[in-house]
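According to my numbering, the sequence shown is numbered sequentially starting from 52. Just below is one structure, and these are the notes that go with it.
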Amino acid sequence: MKIAALSLLASLLTLSACGGGGGDPVASVAWKPAVHRGGSNFNWYAGPCDDWWDNHHTIKRFREDDTINQLSAMYTAGQRSIGISVFYSDTAPESTGSHVGIGAGAFPDWFVDNLLRTYGLAKQIGFERFVLRFHPVGDYGRSVLTADQAPAAHNAMVNLVATIEDRLGILPYTNLCNECIEEDINPEFPAALWRLAHDDPDFGGRQFIGVTGGRFTTSDLEAVYGKHPPKVHGITLYNGPHSAALDRLLAFADRPIIVDESYFNSAETAQSLRRGTFAVGKPVLFVTQWPLSEAKACKNVDTLPLLDYGEWIKAGF
(Lines of atoms letter the chains of each structure in order from A and count residues from 1; the text may use other names and numbers.)
(Lines give C-alpha, C1' and ligand atoms only; values in the text may rest on other atoms or scores of the structure.)
Protein backbone atom coordinates (compact mmCIF):
# COMPACT_ATOMS: atom_id res chain seq x y z
CA MET A 1 0.00 0.00 0.00
CA LYS A 2 2.94 2.35 -0.46
CA ILE A 3 1.47 5.49 -1.97
CA ALA A 4 3.11 6.32 -5.25
CA ALA A 5 2.75 9.78 -6.70
CA LEU A 6 1.52 10.42 -10.23
CA SER A 7 0.05 13.18 -12.36
CA LEU A 8 -1.19 11.74 -15.62
CA LEU A 9 0.06 13.96 -18.43
CA ALA A 10 -1.88 16.85 -16.93
CA SER A 11 0.26 19.23 -18.96
CA LEU A 12 -1.81 18.05 -21.94
CA LEU A 13 0.46 18.03 -24.91
CA THR A 14 -2.66 17.96 -27.09
CA LEU A 15 -4.29 21.19 -25.89
CA SER A 16 -3.77 23.04 -29.14
CA ALA A 17 -4.72 20.05 -31.26
CA CYS A 18 -8.03 19.74 -29.43
CA GLY A 19 -9.19 23.27 -30.08
CA GLY A 20 -7.90 24.88 -27.18
CA GLY A 21 -6.68 27.64 -25.55
CA GLY A 22 -8.78 28.23 -22.48
CA GLY A 23 -11.24 25.43 -22.01
CA ASP A 24 -11.16 21.80 -21.09
CA PRO A 25 -9.96 19.96 -24.22
CA VAL A 26 -11.82 16.82 -23.17
CA ALA A 27 -15.20 18.35 -22.34
CA SER A 28 -15.98 19.19 -25.95
CA VAL A 29 -15.49 15.66 -27.27
CA ALA A 30 -17.39 12.43 -26.75
CA TRP A 31 -14.40 10.77 -25.10
CA LYS A 32 -14.89 7.60 -23.07
CA PRO A 33 -11.90 7.31 -20.72
CA ALA A 34 -12.82 3.79 -19.55
CA VAL A 35 -14.18 0.73 -21.31
CA HIS A 36 -16.15 -0.44 -18.26
CA ARG A 37 -17.66 1.07 -15.11
CA GLY A 38 -15.30 0.71 -12.15
CA GLY A 39 -15.78 0.39 -8.41
CA SER A 40 -13.81 -0.24 -5.23
CA ASN A 41 -11.36 -2.48 -3.43
CA PHE A 42 -13.58 -4.21 -0.89
CA ASN A 43 -11.08 -5.15 1.82
CA TRP A 44 -12.38 -3.86 5.16
CA TYR A 45 -15.83 -3.24 6.60
CA ALA A 46 -14.95 -0.49 9.05
CA GLY A 47 -12.23 1.66 10.55
CA PRO A 48 -10.16 3.55 9.77
CA CYS A 49 -7.15 4.73 11.78
CA ASP A 50 -7.63 2.17 14.53
CA ASP A 51 -8.36 -1.52 14.15
CA TRP A 52 -9.30 -1.91 10.49
CA TRP A 53 -6.22 -4.07 9.83
CA ASP A 54 -6.82 -6.47 12.71
CA ASN A 55 -10.57 -6.82 13.03
CA HIS A 56 -12.46 -5.88 9.88
CA HIS A 57 -10.97 -7.62 6.84
CA THR A 58 -13.85 -8.63 4.58
CA ILE A 59 -12.49 -12.12 3.88
CA LYS A 60 -10.60 -13.01 7.02
CA ARG A 61 -13.39 -11.61 9.23
CA PHE A 62 -16.26 -12.41 6.85
CA ARG A 63 -19.66 -11.09 8.02
CA GLU A 64 -22.50 -11.93 5.65
CA ASP A 65 -24.92 -9.16 6.62
CA ASP A 66 -22.25 -6.47 6.40
CA THR A 67 -21.08 -7.86 3.07
CA ILE A 68 -24.59 -7.82 1.58
CA ASN A 69 -25.41 -4.35 2.95
CA GLN A 70 -22.20 -2.70 1.85
CA LEU A 71 -21.99 -4.33 -1.58
CA SER A 72 -25.65 -3.49 -2.23
CA ALA A 73 -25.04 0.16 -1.31
CA MET A 74 -21.96 0.26 -3.53
CA TYR A 75 -23.94 -1.22 -6.43
CA THR A 76 -26.77 1.29 -5.92
CA ALA A 77 -24.15 4.07 -6.06
CA GLY A 78 -23.20 2.90 -9.55
CA GLN A 79 -20.20 0.68 -8.88
CA ARG A 80 -19.84 -2.42 -11.06
CA SER A 81 -16.28 -3.65 -10.39
CA ILE A 82 -14.80 -5.04 -7.19
CA GLY A 83 -11.26 -5.75 -6.07
CA ILE A 84 -10.22 -7.96 -3.16
CA SER A 85 -6.73 -8.01 -1.68
CA VAL A 86 -5.13 -11.16 -0.30
CA PHE A 87 -2.38 -10.19 2.14
CA TYR A 88 -0.29 -13.30 2.63
CA SER A 89 2.92 -14.70 4.06
CA ASP A 90 4.37 -18.18 4.41
CA THR A 91 2.88 -18.42 7.90
CA ALA A 92 0.32 -16.16 9.54
CA PRO A 93 -1.63 -16.70 12.78
CA GLU A 94 -5.33 -16.95 12.07
CA SER A 95 -6.09 -14.49 14.86
CA THR A 96 -3.67 -11.74 13.78
CA GLY A 97 -4.07 -8.97 11.26
CA SER A 98 -5.54 -9.08 7.78
CA HIS A 99 -2.97 -11.46 6.35
CA VAL A 100 -3.20 -15.20 5.85
CA GLY A 101 -0.63 -17.98 5.55
CA ILE A 102 -0.10 -20.10 2.45
CA GLY A 103 1.65 -22.91 4.30
CA ALA A 104 2.91 -25.49 1.80
CA GLY A 105 1.37 -23.75 -1.18
CA ALA A 106 -2.36 -23.43 -0.47
CA PHE A 107 -4.64 -20.97 1.26
CA PRO A 108 -6.65 -22.32 4.23
CA ASP A 109 -10.02 -23.84 3.36
CA TRP A 110 -11.90 -21.39 5.61
CA PHE A 111 -10.28 -18.45 3.81
CA VAL A 112 -11.13 -19.85 0.38
CA ASP A 113 -14.73 -20.42 1.49
CA ASN A 114 -15.05 -16.84 2.73
CA LEU A 115 -13.63 -15.46 -0.50
CA LEU A 116 -16.03 -17.58 -2.55
CA ARG A 117 -18.97 -16.38 -0.46
CA THR A 118 -17.93 -12.74 -0.94
CA TYR A 119 -17.44 -12.99 -4.70
CA GLY A 120 -20.64 -15.05 -4.97
CA LEU A 121 -22.66 -12.38 -3.17
CA ALA A 122 -21.11 -9.65 -5.32
CA LYS A 123 -22.05 -11.56 -8.46
CA GLN A 124 -25.63 -12.04 -7.22
CA ILE A 125 -25.93 -8.33 -6.47
CA GLY A 126 -24.83 -7.55 -10.00
CA PHE A 127 -21.12 -6.77 -10.02
CA GLU A 128 -19.62 -7.51 -13.41
CA ARG A 129 -15.81 -7.40 -13.03
CA PHE A 130 -13.57 -8.87 -10.35
CA VAL A 131 -9.94 -8.22 -9.45
CA LEU A 132 -7.92 -10.47 -7.15
CA ARG A 133 -4.79 -8.73 -5.78
CA PHE A 134 -2.02 -10.62 -3.99
CA HIS A 135 0.12 -8.66 -1.51
CA PRO A 136 3.11 -10.45 0.08
CA VAL A 137 3.58 -8.89 3.54
CA GLY A 138 5.73 -8.92 6.67
CA ASP A 139 8.84 -11.10 6.64
CA TYR A 140 7.45 -12.47 3.37
CA GLY A 141 7.38 -8.99 1.82
CA ARG A 142 8.04 -8.15 -1.79
CA SER A 143 11.50 -6.66 -1.04
CA VAL A 144 12.94 -9.85 0.49
CA LEU A 145 11.35 -12.69 -1.47
CA THR A 146 13.52 -14.79 -3.77
CA ALA A 147 12.87 -16.89 -6.86
CA ASP A 148 12.91 -20.05 -4.73
CA GLN A 149 9.74 -18.88 -2.98
CA ALA A 150 7.77 -18.30 -6.17
CA PRO A 151 6.55 -21.89 -6.79
CA ALA A 152 4.66 -22.13 -3.47
CA ALA A 153 3.03 -18.73 -4.06
CA HIS A 154 2.17 -19.65 -7.64
CA ASN A 155 0.55 -22.93 -6.59
CA ALA A 156 -1.57 -21.18 -3.98
CA MET A 157 -2.67 -18.50 -6.45
CA VAL A 158 -3.48 -20.76 -9.38
CA ASN A 159 -5.45 -23.16 -7.17
CA LEU A 160 -7.45 -20.26 -5.73
CA VAL A 161 -8.21 -18.77 -9.15
CA ALA A 162 -9.21 -22.18 -10.53
CA THR A 163 -11.55 -22.74 -7.57
CA ILE A 164 -13.19 -19.33 -8.11
CA GLU A 165 -13.79 -20.10 -11.78
CA ASP A 166 -15.01 -23.66 -11.16
CA ARG A 167 -17.38 -22.76 -8.32
CA LEU A 168 -18.64 -19.34 -9.41
CA GLY A 169 -17.97 -19.03 -13.14
CA ILE A 170 -15.82 -15.96 -12.40
CA LEU A 171 -12.36 -15.54 -13.91
CA PRO A 172 -10.86 -12.58 -12.04
CA TYR A 173 -8.21 -10.23 -13.28
CA THR A 174 -5.28 -11.40 -11.14
CA ASN A 175 -2.57 -9.12 -9.80
CA LEU A 176 0.04 -11.75 -8.92
CA CYS A 177 2.26 -9.39 -6.92
CA ASN A 178 0.84 -5.98 -6.06
CA GLU A 179 3.18 -3.03 -6.57
CA CYS A 180 6.07 -5.35 -7.35
CA ILE A 181 7.27 -3.50 -10.45
CA GLU A 182 9.05 -0.53 -8.93
CA GLU A 183 12.52 0.98 -9.02
CA ASP A 184 13.52 -0.14 -5.52
CA ILE A 185 12.02 -3.65 -5.65
CA ASN A 186 14.24 -6.63 -6.47
CA PRO A 187 12.66 -8.17 -9.60
CA GLU A 188 13.78 -11.72 -8.75
CA PHE A 189 10.55 -12.89 -7.09
CA PRO A 190 8.01 -11.22 -9.42
CA ALA A 191 10.03 -12.32 -12.47
CA ALA A 192 10.00 -15.91 -11.20
CA LEU A 193 6.26 -15.68 -10.54
CA TRP A 194 5.72 -14.40 -14.06
CA ARG A 195 7.76 -17.18 -15.66
CA LEU A 196 5.47 -19.67 -13.94
CA ALA A 197 2.24 -17.83 -14.68
CA HIS A 198 2.48 -16.03 -18.00
CA ASP A 199 1.41 -18.99 -20.12
CA ASP A 200 -0.65 -20.82 -17.49
CA PRO A 201 -4.14 -21.37 -18.99
CA ASP A 202 -5.74 -21.36 -15.54
CA PHE A 203 -5.35 -17.57 -15.45
CA GLY A 204 -7.03 -17.09 -18.82
CA GLY A 205 -4.73 -14.27 -19.90
CA ARG A 206 -5.92 -12.00 -17.09
CA GLN A 207 -2.79 -12.17 -14.95
CA PHE A 208 -0.21 -9.41 -14.45
CA ILE A 209 2.37 -8.09 -11.97
CA GLY A 210 1.25 -4.85 -10.27
CA VAL A 211 3.01 -1.63 -11.28
CA THR A 212 3.62 1.25 -8.85
CA GLY A 213 2.71 4.47 -10.66
CA GLY A 214 5.47 7.07 -10.91
CA ARG A 215 8.12 4.73 -9.48
CA PHE A 216 9.12 2.49 -12.39
CA THR A 217 10.86 2.57 -15.72
CA THR A 218 10.44 0.56 -18.89
CA SER A 219 13.53 -1.42 -17.90
CA ASP A 220 11.75 -2.37 -14.65
CA LEU A 221 8.91 -3.79 -16.72
CA GLU A 222 11.32 -5.71 -18.92
CA ALA A 223 13.20 -7.10 -15.90
CA VAL A 224 10.00 -8.82 -14.79
CA TYR A 225 8.27 -9.66 -18.06
CA GLY A 226 11.20 -10.24 -20.38
CA LYS A 227 9.84 -10.85 -23.86
CA HIS A 228 6.42 -11.93 -22.57
CA PRO A 229 4.42 -8.86 -21.48
CA PRO A 230 0.96 -9.49 -20.01
CA LYS A 231 -2.24 -9.19 -21.97
CA VAL A 232 -3.40 -6.58 -19.44
CA HIS A 233 -1.47 -4.24 -17.14
CA GLY A 234 -2.49 -3.18 -13.63
CA ILE A 235 -1.22 0.03 -12.05
CA THR A 236 -1.51 1.80 -8.70
CA LEU A 237 -2.27 5.40 -9.65
CA TYR A 238 -2.18 8.40 -7.32
CA ASN A 239 -1.97 12.05 -8.29
CA GLY A 240 1.29 13.91 -7.70
CA PRO A 241 4.45 15.33 -9.28
CA HIS A 242 5.46 12.39 -11.51
CA SER A 243 4.18 12.66 -15.06
CA ALA A 244 5.46 9.78 -17.16
CA ALA A 245 4.03 6.57 -15.69
CA LEU A 246 1.25 6.09 -18.22
CA ASP A 247 3.65 6.94 -21.04
CA ARG A 248 6.02 4.23 -19.85
CA LEU A 249 3.22 1.69 -19.66
CA LEU A 250 2.42 2.55 -23.25
CA ALA A 251 5.74 0.97 -24.19
CA PHE A 252 3.37 -2.00 -24.53
CA ALA A 253 0.76 0.09 -26.29
CA ASP A 254 -1.36 -2.84 -27.40
CA ARG A 255 -2.01 -3.94 -23.80
CA PRO A 256 -5.09 -2.71 -21.93
CA ILE A 257 -4.59 -1.09 -18.51
CA ILE A 258 -6.53 -1.50 -15.26
CA VAL A 259 -6.13 1.11 -12.54
CA ASP A 260 -6.56 -1.30 -9.66
CA GLU A 261 -5.86 1.24 -6.91
CA SER A 262 -6.38 5.00 -6.67
CA TYR A 263 -7.77 7.71 -4.38
CA PHE A 264 -11.28 7.42 -3.00
CA ASN A 265 -13.83 9.48 -4.96
CA SER A 266 -11.30 12.14 -5.97
CA ALA A 267 -12.52 14.65 -8.55
CA GLU A 268 -8.96 15.88 -9.16
CA THR A 269 -7.51 12.41 -9.72
CA ALA A 270 -10.46 11.28 -11.84
CA GLN A 271 -10.27 14.33 -14.11
CA SER A 272 -6.48 14.04 -14.34
CA LEU A 273 -6.82 10.42 -15.44
CA ARG A 274 -9.53 11.38 -17.93
CA ARG A 275 -7.24 13.98 -19.47
CA GLY A 276 -4.35 11.55 -19.47
CA THR A 277 -6.26 8.88 -21.37
CA PHE A 278 -7.42 11.51 -23.86
CA ALA A 279 -3.88 12.82 -24.35
CA VAL A 280 -2.56 9.37 -25.26
CA GLY A 281 -5.70 8.34 -27.11
CA LYS A 282 -6.31 5.21 -25.10
CA PRO A 283 -8.94 4.47 -22.40
CA VAL A 284 -8.25 2.28 -19.39
CA LEU A 285 -10.36 -0.83 -18.87
CA PHE A 286 -11.71 0.29 -15.49
CA VAL A 287 -10.75 1.74 -12.09
CA THR A 288 -11.09 0.32 -8.57
CA GLN A 289 -10.61 2.97 -5.89
CA TRP A 290 -8.80 2.49 -2.56
CA PRO A 291 -10.15 3.61 0.86
CA LEU A 292 -7.77 6.59 1.05
CA SER A 293 -8.87 10.15 0.35
CA GLU A 294 -6.61 12.91 -0.89
CA ALA A 295 -6.83 14.38 2.62
CA LYS A 296 -4.93 11.33 3.95
CA ALA A 297 -6.37 11.58 7.46
CA CYS A 298 -4.59 8.27 8.14
CA LYS A 299 -1.52 6.79 6.49
CA ASN A 300 -3.03 4.01 4.39
CA VAL A 301 -6.79 3.91 4.95
CA ASP A 302 -9.05 6.78 5.98
CA THR A 303 -12.46 6.14 4.37
CA LEU A 304 -14.68 3.15 5.09
CA PRO A 305 -17.03 1.86 3.86
CA LEU A 306 -16.50 2.78 0.20
CA LEU A 307 -20.05 3.77 -0.68
CA ASP A 308 -19.38 6.81 -2.90
CA TYR A 309 -17.98 6.64 -6.44
CA GLY A 310 -19.67 9.70 -7.86
CA GLU A 311 -16.63 11.74 -8.88
CA TRP A 312 -15.20 8.83 -10.81
CA ILE A 313 -18.55 8.35 -12.57
CA LYS A 314 -18.71 12.06 -13.48
CA ALA A 315 -15.31 11.73 -15.13
CA GLY A 316 -16.45 8.70 -17.13
CA PHE A 317 -15.05 5.86 -15.05
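Beta carbons: idealized from backbone N, C-alpha and C, even for Gly.
Residue of the options minimising C-alpha distance to residue i
| i | options | result |
| --- | --- | --- |
| L244 | H279, I119, R326 | H279 |
| A213 | Y126, S132, L172, P252 | P252 |
| S149 | G189, F181, I133 | G189 |
| E230 | R266, F315, G98 | R266 |
| R184 | E345, F93, F315, G154 | F93 |
| G220 | S194, R306, G171, W95 | G171 |
| D250 | H205, P238, I119 | H205 |
| Q200 | S140, A173, P99 | S140 |
| H87 | Y96, S132, V80, N120 | S132 |
| I119 | A198, V151, Y96, D101 | Y96 |
| F181 | A198, D160, Y224 | Y224 |
| A334 | D305, A318, D117, L343 | For clarity, residue 334 is Pro in the given sequence; the question names Ala instead. Checking every option, the nearest Cα to that of P334 belongs to D305. |
6 Å CB neighbourhood of residue i in its chain, flanking five on each side removed
| i | result |
| --- | --- |
| G285 | N226, F259, G261, I309, D311 |
| A322 | Per the sequence shown, the amino acid found at residue 322 is Gln instead of Ala. So the qualifying residues of the chain are A366. |
| I364 | G129 |
| K350 | none |
| T263 | A55, E230, E233, T287 |
| Q340 | S91, S313, F315 |
| V137 | F185 |
Cut-off 7 Å between Cβ atoms - residues of its own chain near residue i, not counting five sequence neighbours on either side
| i | result |
| --- | --- |
| I110 | I135, F162, N165, L166, T169 |
| L222 | E216, G255, R257 |
| N106 | R112 |
| E234 | R266, F267, T268, D271 |
| F276 | The sequence as given places Tyr at residue 276; Phe does not occur at that position. So the qualifying residues of the chain are W245. |
| H108 | N94, W95, S149 |
| D117 | Y96 |
| I236 | R193, S194 |
Buried or exposed by the 16-neighbour rule on C-beta atoms within 10 Å, applied to residue i
| i | result |
| --- | --- |
| R218 | exposed |
| D271 | buried |
| A348 | exposed |
| Q175 | exposed |
| S194 | exposed |
| V80 | exposed |
| G332 | exposed |
| F329 | buried |
| L57 | No answer about L57 holds up, because its pLDDT of 33 lies below 50 and its placement is not dependable. |
Proximity of residue i and residue j at Cβ, strictly below 8 Å
| i | j | result |
| --- | --- | --- |
| L355 | A124 | no |
| P187 | C228 | yes |
| G177 | Y126 | yes |
| V352 | W103 | yes |
| A85 | V338 | yes |
| S313 | L336 | no |
| F240 | L211 | no |
| G89 | F368 | yes |
| A274 | P307 | no |
| L122 | A173 | yes |
Nonlocal neighbours in the same chain, by C-beta distance under 8 Å from residue i, ignoring five residues either side
| i | result |
| --- | --- |
| G361 | A128, G129, N316 |
| L247 | A201, P202, H205 |
| K153 | A small correction: the amino acid at residue 153 is Ile; Lys does not occupy that position in the sequence shown. Closer than 8 Å at the Cβ level, and outside the excluded window around I153, lie Y139, S140, D141, A203, A204, A207. |
| T320 | L288, Y289, N290, S313, Y314, E345 |
| A155 | A203 |
| R114 | Y96 |
| R325 | V77, W82, P84, A366, G367, F368 |
| A198 | E239, F240, A242, A243 |
| C100 | A348, C349, V352, D353 |
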